[in-house]
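Numbering (full-length UniProt numbering), first residue to last: 1 to 499. We put the beta carbon where it would ideally sit given N, CA and C, even for glycine.
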C-alpha cells in the first residue's frame, strides 16, 4: 500500500478504482482518464486498488487529496503471504476437488457453470493467504496434468507435458493474485478495465453486495486474444489461460451493475458476453478544449506525427511501411514518433527501427520518446497518424482533433465514432491505404485546414471532459444510492431489528 488508507468522509460517496498496469503507476490513455476523473470530483472519496508488475513501481501521478490511499497488488513480485503453508491432508483434498472443477470449467464448455462458484471459493483461500502456496504445490500441477489429457477435451490431442502443466499453473497463480485484495465493503467498486482489475470488484459484489461498475476503454478479452498469438507458450497453455480470461469477462459483464464502454463499438462484445442491454451506458472520453487549443502553424517540411506508447498493439510497423510509400512521392517527408517504450516492449521498438533501416527511411523516422507537453507532438505534424490494431476511444486522437490537426486513423474500436467526417479512416494493417490517405492530406492544405477545424468543433460539441465527469458523477451517486437502500435491512438485522 502507498500511503495511509484514510477513512471515507461521512456522507460522502466512496469509490474504489480498480486498475491494472495503469493509474497511478503508469502512463497512457487510461491513466490520463483516471487522473482526470479523480481531479474532476473533489466531492468523491477515492481509493485505488492497483494491479502492478513487481510492486516496486514508483507513483507516476501526484495524487490529489480525495485519493485516500493506494493498495498495490503485484503480479510478479513474491507471492502474498509466502510464510503461509499450503493446506494439508483433508484440507488439501478439499481444495483440489474445487480446483479441479475450476480447471474443467476453463477447458470444457459443458462445465462452464462451475467457473463463478469455484472462482469465489478460490478467493476465500486467497483472503486467508493460502491460495498461492496451494497452487505452487506439486499436487496442483499434477491435477492439471490429469485433467487436460482427458479424451473428451480438445487439449488432449496436443499431448500437453508436465512442463506445460507447471507453466500453466504458474501463470494461473499469478493471474489469481488480485483475489487477495481487501475488497471494498461499501461505496462503488469501479474497474477501469476488464480482466484482472475486475477480480476485487467481483469479490466485493459477491461478499458484500458492493455495486460493481465496469468501464471498458478497449475490449480486454479481444486484446488478450491478439496478445497471446505472439506468446511462446504451447497451445494447451494458451487454451487454458484464454479460457480463464473469457469466463472472467463473461462473469464481469453479467455481474456489473452498469457497464460503461468508451464507445458504441464495444457494446457488441459486452452484449455477446451476457450484459443485459439496459445495463450498458456509453460514456465517451473527453478533453478540455481550452487545454488543447489550436496547434498553430504547421511544420514547413511535410511531416506525419504519432503519439502513444511503443507497443505491438499500436502497429507502428504498418505506419513505417506506409511512410516508406509516402516518401517515394515526397522525398522530404518525415515521420516523428512520440512516446515511451514500456518495459518488455524494447524488442518491438528495435524491430521497428530495423524495419525503417531495411526500407531505407531510417534517416527520416525518429523515435523521440516521451514529450513533456503532448501538444508539441501534435503540433509537430501536418497530419497526426493512428495505426493501432485495437483501440477504445483514443485520447491521442481526440486531443489531436481538439488541436485542430487533420488525422489519418485505423478503423478500430470507437475511432470512427470519434472522427466522423473530420478525418480519414483506413483499414488496419493496410500500409497502402494508409499511405494514400496521408498523401491526400499532405497534398491539399485547404482540405487539411478544413478537416482540422471540423475536428476541433466536433470535440467541443461532443467530447468534452466536463461531459465525461458529469456522467460518472451521476453514475456514482446512482449506484451508491442503490447500495445504501439494499444495505439498510442488513444493518437492521445486525442491530437486532427485523427485516
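Look at residue 470 here: in three-state DSSP terms it is helix.
CA-to-CA, the gap between residue 34 and residue 47 works out to about 12 Å. According to the DSSP assignment, residue 460 belongs to the alpha helix (DSSP H) that extends over 445 to 462. Boundaries of the alpha helix (DSSP H) harbouring residue 101: 90 to 107, taken from the DSSP string. DSSP, read as helix, strand or coil, puts residue 41 in coil. Residue 190: not part of any alpha helix (DSSP H); member of the beta strand (DSSP E) spanning 188 to 191, first to last residue. Across the structure, residue 411 and residue 428 are spaced so that their CA atoms are roughly 6 Å apart. In the DSSP assignment, residue 248 falls within the unbroken alpha helix (DSSP H) covering 235 to 255. Under the three-state reduction of DSSP output, residue 405 falls in the coil class, being neither helix nor strand.
In this chain, the beta strand (DSSP E) harbouring residue 216 covers 212 to 216.
In the structure shown, residue 365 adopts extended strand secondary structure according to DSSP, grouped into three states. A Cβ-Cβ contact shorter than 7 Å links residue 322 with residue 434. Three or more Cβ pairs closer than 8 Å define a contact, and the region 164 to 171 meets that threshold against the region 237 to 255.
Between residue 426 and residue 437, the gap from beta carbon to beta carbon is short of 7 Å.
Residue range 316 to 329 is occupied by the alpha helix (DSSP H) that includes residue 327.
Beta-bridge partners assigned by DSSP to residue 385: 408. Per the C-alpha coordinates, the member of 295, 225, 378 and 413 positioned closest to residue 308 is 378. For residue 288, there is no enclosing alpha helix (DSSP H), since its DSSP letter is neither H nor E.
With a threshold of 16 other beta carbon atoms within 10 Å, residue 190 meets it and is buried. Residue 12 and residue 472 have their C-alpha atoms roughly 15 Å apart.
The continuous alpha helix (DSSP H) containing residue 354 extends over residues 346 to 358. Around the beta carbon of residue 278, fewer than 16 other beta carbons lie within 10 angstroms, which makes this residue exposed. According to the DSSP assignment, residue 432 belongs to the alpha helix (DSSP H) that extends over 431 to 442. Burial of residue 164 is indicated by the presence of at least 16 other C-beta atoms within 10 angstroms of its C-beta.
Straight-line measurement puts the Cα of residue 374 at about 32 Å from the Cα of residue 229. Under a 10 Å Cβ-count criterion, residue 357 is classified as exposed, with fewer than 16 other Cβ atoms of the shown protein chains found around its own Cβ. For residue 69, there is no enclosing alpha helix (DSSP H); the enclosing beta strand (DSSP E) covers residues 67 to 74.
With fewer than 16 neighbouring CB atoms inside 10 Å of its own CB, residue 346 falls in the exposed class. Sixteen is the threshold: since fewer than 16 other Cβ atoms of the shown chains lie within 10 Å of the Cβ of residue 328, the residue is exposed. A distance of 7 Å or more separates the beta carbons of residue 383 and residue 439. C-alpha of residue 113 to C-alpha of residue 105: approximately 7 Å in a straight line. Per DSSP, residue 200 lies in no beta strand (DSSP E); the unbroken alpha helix (DSSP H) holding it starts and ends at 199 to 208.
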